[in-house]
Each structure stands twice: as structure tokens, then as C-alpha cells.
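Have a look at the structure below, then the notes.
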Amino acid sequence: MNLTDNQRGALYMTASMAGFAVEDVFVKAAARGLPLGQVLLTIGLAGMLVFSAMAARRGEALLPPAFLSRPMLVRSAFEVTGRLFYGLAITLTALSTTSAILQATPLVVVAGAALVFGERVTPQRWLAVLVGFTGVLVILRPGSDFSALSLLAVVGLLGFAGRDLATRAAPKGLSNRQLGALGFAMLATAGAILLAVTGGATLPTGLGLLYLAGGTVFGVSGYHALTYAMRTGEVSAVTPFRYTRLIFAMVLAMALFGERPDLATWIGAALVVGSGIFALKR
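Note that the working numbering has the sequence shown beginning at 189, numbered continuously upward.
Below is the structure:
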């Protein structure tokens with residue numbers, strides 16, 4: 189069967205989101221028996237080695253000077269923030285709730301592009317951003333069943349949005365493999381920071397090693413598929429399939445962790461996803 193570039197890009201994006209959702213499951217499971225900092229550090233180092241090996245095979249520099257440019261340093265700082273707080277969120281709160289909040293990241297990027305880079309955003313897109321933020325508030329439920337731990341996911345999404353915005357100003361010429369190595373290096377950095385604060389690194393059991401290996405395999409696979417997705421087909425046609433991550437996360441959270449998202453979470457998630465797709469299509 190012959191597929192168009194947009195169809196192939198959509199398949200890559202869907203596979204990527206499935207990989208990230210499964211990675212979250214392995215991280216959450218591993219953190220039940222190991223310190224979260226140790227989990228993030230281990231997966232980060234393993235993923236960095238995989239992408240570094242891929243870059244070296246292509247003859248690409250492992251530490252290009254561009255890594256030390258101001259935009260890349262800003263990008264790295266946001267990446268560490270996103271990785272650290274998102275890791276805390278999926279460990280300490282419901283995976284379904286955290287994944288739903290994360291879906292607002294593209295909306296924050298839209299708003300940030302207007303405020304930081306002066307990009308023109310239509311009134312319809314601003315309306316979509318406001319509706320999406322309303323969806324996040326519905327999920328958080330401030331004033332009723334609000335949990336301060338839910339703010340971990342909010343800080344995580346701000347970190348990822350800042351990373352995406354900083355990427356727009358990053359030097360050209362860096363390959364996906366180099367960016368992958370840097371991204372997992374920041375995950376390792378986030379783990380090292382957390383481990384330095386909490387301490388308590390332990391020797392993993394056989395099951396713990398399996399969880400760490402699973403997190404690495406699916407994390408690397410998801411990132412790799414994401415790079416192919418963003419280079420195949422039109423961005424506006426491929427990007428909406430990012431929201432399939434929420435479907436995978438909800439199913440996995442209910443099947444493996446016994447989570448039962450309430451009505452507010454479903455409504456908030458629908459507002460976030462619907463407004464995000466509308467903003468991208470506009």
C-alpha cells in the first residue's frame with residue numbers, strides 16, 4: 189500500500205507517542221522500587237549513549253560547539269526543568285492526570301511564540317489557547333479537590349514548552365542524533381540533581397533492571413520516531429497526532445495502575461485536546 193508523506197508522518201508520530209506513553213509506565217513502575225533520581229539518571233545515560241553511538245557512526249561531533257551557544261544552554265535548562273518535574277509528576281500523581289495536563293504544551297508554545305518571537309497569532313488561536321488553559325484548570329480543580337502535587341505537571345509542561353521555543357532559536361546544522369544525545373543528557377542531569385537532593389541510590393533488582401531497560405528502549409524509540417515524524421509530511425498534518433499520547437496514557441493507566449479518571453479529568457482533557465487541534469489547524 190502506497191502512503192503519502194502525511195500518512196507516513198502520522199504513523200511515525202503515533203508510534204512515537206505510544207513509545208513515550210510506555211516509557212512513562214516503566215518510569216513509574218521503576219520508581220516504586222528505586223529512587224526516581226536514580227531511574228532518570230540511568231535511563232538518561234543509557235539513551236545518551238545510544239544516540240551518541242548513532243552520531244559517531246555518522247561521523248558527527250559528540251560535543252559540537254553549538255551545544256554551548258546561548259539558545260542551546262537556555263534550551264537545556266528548560267529541558268532539565270521539564271524532565272525533572274514531569275518525572276516527579278508521573279511518579280507522585282496519577283499518570284492519566286499528568287498526561288492530560290501535558291497536552292497543553294503546544295498551546296503554551298503558540299502563546300510563547302507570540303510573546304517571545306512576535307509571531308502573529310489570530311484571535312481564533314488566542315481563543316483556543318484560553319479554552320485549553322480552561323481545560324487545565326478543570327483538571328486541576330482549584331478550590332475543590334485541588335492537589336498541590338498536580339502543579340508538578342504544570343511546571344513540567346512549562347519546561348517542555350520553553351524547550352520547544354528555545355529550539356526555534358537554536359543553531360542550524362545539529363542533527364537529530366546530536367539533539368537526541370543532548371536531550372537524554374539533560375534527563376540524566378535532572379536525575380543527578382534529584383538524586384543529589386534525596387540521596388539513597390540502591391542496587392536494582394532483576395525486575396528493576398527490566399523496568400529501566402524498558403524505559404530506555406521505549407524512550408529512545410519514541411524520540412527516534414518523533415524525529416522522523418517531524419521530517420515527514422506537513423507539520424500541520426502530523427503534529428495533531430501528538431494527542432494520541434493521551435489515549436495511550438489513559439488506557440495504560442487504567443489497565444496497569446487501576447486509575448479511574450473522573451468526569452472533570454475527561455472534560456478537561458477534551459477541552460485541551462480539542463483546542464490544541466483547532467489551534468494547529470488554524
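C-beta atoms are modelled at their ideal positions from N, C-alpha and C, and glycine is treated no differently.
What separation, rounded to the nearest whole angstrom, lies between the Cα atoms of residue i and residue j?
i	j	result
S284	L434	8 Å
A249	V296	32 Å
R220	A349	28 Å
S257	R356	13 Å
L367	P253	13 Å
S338	T286	7 Å
L224	L382	8 Å
K360	G320	31 Å
A300	T386	The question names Ala, yet the displayed sequence has Gly at residue 300. Straight-line Cα distance between these residues: approximately 33 Å.
L444	K216	11 Å
V461	G396	34 Å
G421	A389	44 Å
A288	A457	5 Å
M260	R365	15 Å
V408	A417	14 Å
A358	V317	25 Å
P311	M438	32 Å
Taking the alpha carbon of residue i as the reference point, which residue from the options has its own alpha carbon closest?
i	options	result
L440	L191, Q195, A198, V210	V210
M442	A299, L459, V213	V213
M201	T377, R246, G410	G410
I455	G402, G323, T427	G323
G197	F305, A458, A425, A452	A425
V298	V309, G387, I289, G270	V309
I327	T453, N364, R263	T453
A234	T420, V405, P449, A437	V405
F146	G207, N194, Q195	Nothing in the structure corresponds to residue 146, since the chain is present only between 189 and 470.
Q195	R419, M438, S463, A458	R419
L414	T192, L199, N190	L199
L459	L251, L290, R245	L290
L280	R246, A203, A336, V317	A336
A384	L272, D193, A203	L272
H412	L398, A302, S204, G306	S204
Report all residues from its chain with a CB closer than 7 Å to the CB of residue i; omit the five preceding and five following residues, and keep chain order.
i	result
A282	A441, E447
V304	L353
F266	G347, G350, R351, A354
M236	A369, F372, A373, A376
L400	A218, V227, T230, I231, P392
V222	The amino acid at residue 222 is misidentified as Val; the sequence shows Leu. Only T390, P392, G396 meet the Cβ criterion.
R329	A452
Y431	Q291, V461, G464, I465
T244	Inspection of the sequence shows that residue 244 is occupied by Ala rather than by Thr. If we look at A244 and ignore the five residues flanking it on each side, its Cβ neighbours are L250.
Quick check on the DSSP output: the alpha helix (DSSP H) that includes residue i runs from which residue to which?
i	result
K216	193-218
A302	293-305
P259	258-280
F321	311-328
L382	364-386
D352	339-356
S240	224-245
G421	Neither: G421 is in no alpha helix (DSSP H) and is coded neither H nor E.
V286	In the sequence on display, residue 286 carries Thr and not Val. Start and end: 283-290.
F436	432-445
K469	451-469
With a threshold of 6 Å on Cβ separation, who are the neighbours of residue i within its own chain once the five nearest residues in sequence on each side are excluded?
i	result
L276	L340
P428	I465, L468
Y274	G344
S363	E248
P449	S284
F255	none
P294	G464
T269	G347
V262	A354
Between residue i and chain D, is there a C-beta pair that is closer than 8 Å?
i	result
A277	Of the protein chains in the structure, only one exists, and it is not chain D.
I want to check one thing, is the minimum distance from the CB of residue i to the heavy atoms of the ligand COA below 7 Å?
i	result
G270	Among the components modelled here there is no ligand, and therefore nothing to report on the ligand COA.
Please return the same chain residues whose Cβ sits closer than 8 Å to the Cβ of residue i, not counting the five positions on each side in sequence.
i	result
S246	In the sequence as presented, Ser is not what sits at residue 246; that position holds Arg. Cβ neighbours of R246 beyond the five flanking positions: S363, R365.
(request) May I ask you to verify whether the region 377-387 touches the region 225-237, counting CB pairs closer than 8 Å and requiring at least 3? (result) Two segments are said to touch when three or more pairs of C-beta atoms, one from each, lie closer than 8 Å; by this definition the region 377-387 touches the region 225-237.
(request) Say whether the region 366-374 touches the region 232-242, bearing in mind that this needs 3 or more beta-carbon pairs closer than 8 Å, one atom from each stretch. (result) With the cut-off at 8 Å, the region 366-374 and the region 232-242 touch.
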